[in-house]
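Mapping the sequence shown onto this note's numbering, position 40 (from 1) lands on 25, and the numbers just tick up by one.
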Amino acid sequence: MGPVQQQRVTGAGRPLIRLTWTDPVTGADGFLVVHLLVSGLATGGTRMRAGCTMAEVEDLARGMAAKTAVFDLPVGGAKGGIDFDPKDPRAIGVLTRFCEAMRPWLDAHWVTAEDLGVPQHLIDEVFARIGLQQSYHAAIRRSLDPEATLRRVHAGLNAPADGGLLGDVIGGYGVAQACLATANTWAWEVAATTVAIQGVGTMGGAAAWYLHEAGMRVVAVADAAGTLYDPAGLDVPALLELRDAFGEIDRSRVPSGVTQLPREAVLSAPVDILVPAAISYAITADNCAAVSARVVVEAANTATTAEAEALLRARDVPVVPDFVANAGAAAWAWWLLLGQVGADPEDSFLRLRTEMRTKVALLLERWVIDGVPPRHTGWELAEARRAALAGGGPEQPVVIP
Ligand SMILES: NC(=O)c1ccc[n+]([C@@H]2O[C@H](COP(=O)([O-])OP(=O)(O)OC[C@H]3O[C@@H](n4cnc5c(N)ncnc54)[C@H](O)[C@@H]3O)[C@@H](O)[C@H]2O)c1
């Protein structure tokens, strides 16, 4: 599939809106890209990392438009990004000023949420500070009963589930389901299947937790400080207990049987499934030869460059794309907003498990039978769903109960 077809799949090739903002206090740059509006709404998280660029945010916004299409959500795709170190004590001030500057969008059109370097509780704190209550504000204010919707959203996000609060773990739960569907495609026994995960924050941590719970052997995890490896399988819940607020594991308390390796080592761990769940562009043409996994399941957005994916394909290694594998968080937020799930985690887990396993099975089946890369099948799916929605006549405003 050539670039023209790729563009078509996620709507227009170029984004609808690109905004650049410069923080008057620190000089940090921030970006908003709205790739596509549907019924006047677009959804996508806000990330903060030193070195974040407009090009990265554009890629992420395009990916969001694909996610919402694949999961039949009545909303377009957008993304925010700030080029600033989230560990800097001035970070919350930068995020607050960014949200103030983006207020017209956040008030009426852009539903944002957590992303790399910005946990959900932090963005909600900032929204409360600027009088917008909650990061889903643009959708909540359109609902028929905004107060009831806000209560439902709070109850869902804060519902206790195995592994943490539902709002924090649901995205990683979806990634774990994508991995389990992958194992199922080749009839790999779950207990004999090994996995390595780059990043143990919101997404990687929850994916590790649910894979461990399902009995899969998590043999390597990495955070920004390095890789932890145990071929017999890591004690995931114990390691996750040692994380700080930035998803870094306290090395002074890591069990002695665990080998500590450089950060990049996670990519070459000898495993069946590699889950990049941290930075964008983690797997590149330069490092993909080191990947020894049989399948890559993308929890991080734009985790694999196009060149790296082509090289992996030539080695018969499929990549389950971000806009399917990690879409659980975005899809669930909209199921919650639309009142299709509530505060009972079992309803949310069942819905996501069913949808994720079906979609990943479809993508990998085409790879196995026809050699079609899962990303291409995902794009086709996104295009078909978006066309079906558009084919229903003039755009109808989304009704949020
Ligand atoms: N949080 C969400 O709801 C959500 C949803 C969909 C996709 N994603 C994507 O998942 C990825 C991770 O997001 P998150 O919210 O879990 O972030 P996070 O900030 O909660 O955690 C990031 C983790 O990655 C680690 N890390 C950072 N740089 C690293 C490096 N160079 N090598 C190894 N590990 C490194 C950190 O130490 C931490 O463990 C991002 O690409 C994000 O866009 C997040």
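Using N, Cα and C, we set each Cβ at its ideal position, and we do this for glycine too.
The alpha helix (DSSP H) runs lying completely inside the stretch 108 to 196 and spanning 4 residues or more are 122 to 125, 131 to 142 and 151 to 170, given in chain order. For Val309, the enclosing alpha helix (DSSP H) has its first and last residue at Asp307 to Ala310. For Lys52, the enclosing alpha helix (DSSP H) begins and ends at Met39 to Val55. Beta-carbon to beta-carbon, Ala140 and Val96 are separated by about 18 Å, too far to satisfy the 8 Å threshold.
Relative to Val19, the option among Ala13, Ala27 and Phe334 whose CA is nearest is Ala27. Under DSSP, the beta-bridge partners assigned to Pro261 are Gln183. No residue range can be given for Thr97, since it is assigned to no alpha helix (DSSP H) and is classified by DSSP as neither H nor E.
Distances taken from the Cβ of Met341 to the heavy atoms of ligand 1 include none shorter than 6 Å. Between Val326 and Pro59, the gap from beta carbon to beta carbon reaches 7 Å or more. Note: Met33 is bridge-paired with Ile67 in the DSSP secondary-structure output.
With contact defined as three or more Cβ pairs closer than 8 Å, the stretch 53 to 70 and the stretch 8 to 22 are in contact.
Assignment of Arg338 by DSSP, reduced to helix, strand and coil, places it in the helix class.
The Cβ atoms of Glu292 and Pro306 do not sit closer than 7 Å to each other. Taking the C-beta atoms as reference points, Ala166 is found no nearer than 7 Å to Gly200. In this structure, the CA atom of Gln105 is about 26 Å from the CA atom of Thr212. Three or more beta-carbon pairs drawn from the stretch -1 to 17 and the stretch 39 to 49 are found closer than 8 Å, and the two stretches are therefore classed as touching. Ser265 and Leu101 have their C-alpha atoms roughly 10 Å apart. In this model, Asp8 and Asp235 are separated by some 33 Å (Cα to Cα).
With a contact defined as Cβ atoms closer than 8 Å, Val55 and Ala312 qualify at about 6 Å. When Pro145, Ala93, Val138 and Arg114 are compared, the shortest CA-CA separation from Arg126 is found for Ala93.
The straight-line gap separating the alpha-carbon atoms of Phe308 and Asn286 is approximately 7 Å.
The DSSP-derived three-state label of Asp92 is helix. Beta-bridge partners of Arg238 (DSSP): none assigned.
When the beta-carbon positions are compared, Ile77 and Trp317 stay at least 7 Å from each other. A straight-line Cα-Cα distance of about 5 Å links Gln118 and Phe112. For a cut-off of 8 Å, the C-beta gap from Pro222 to Val204 is around 15 Å, too long to register as a contact. Contact between Gly25 and Met49 fails: their C-beta atoms lie close to 16 Å from each other, not under 8 Å.
Comparing alpha-carbon positions, the option among Ala209, Ala46 and Ala230 lying closest to Ala267 turns out to be Ala209. Sorting Arg137, Val10 and Leu1 by C-alpha distance to the C-alpha of Ala328 places Arg137 at the top.
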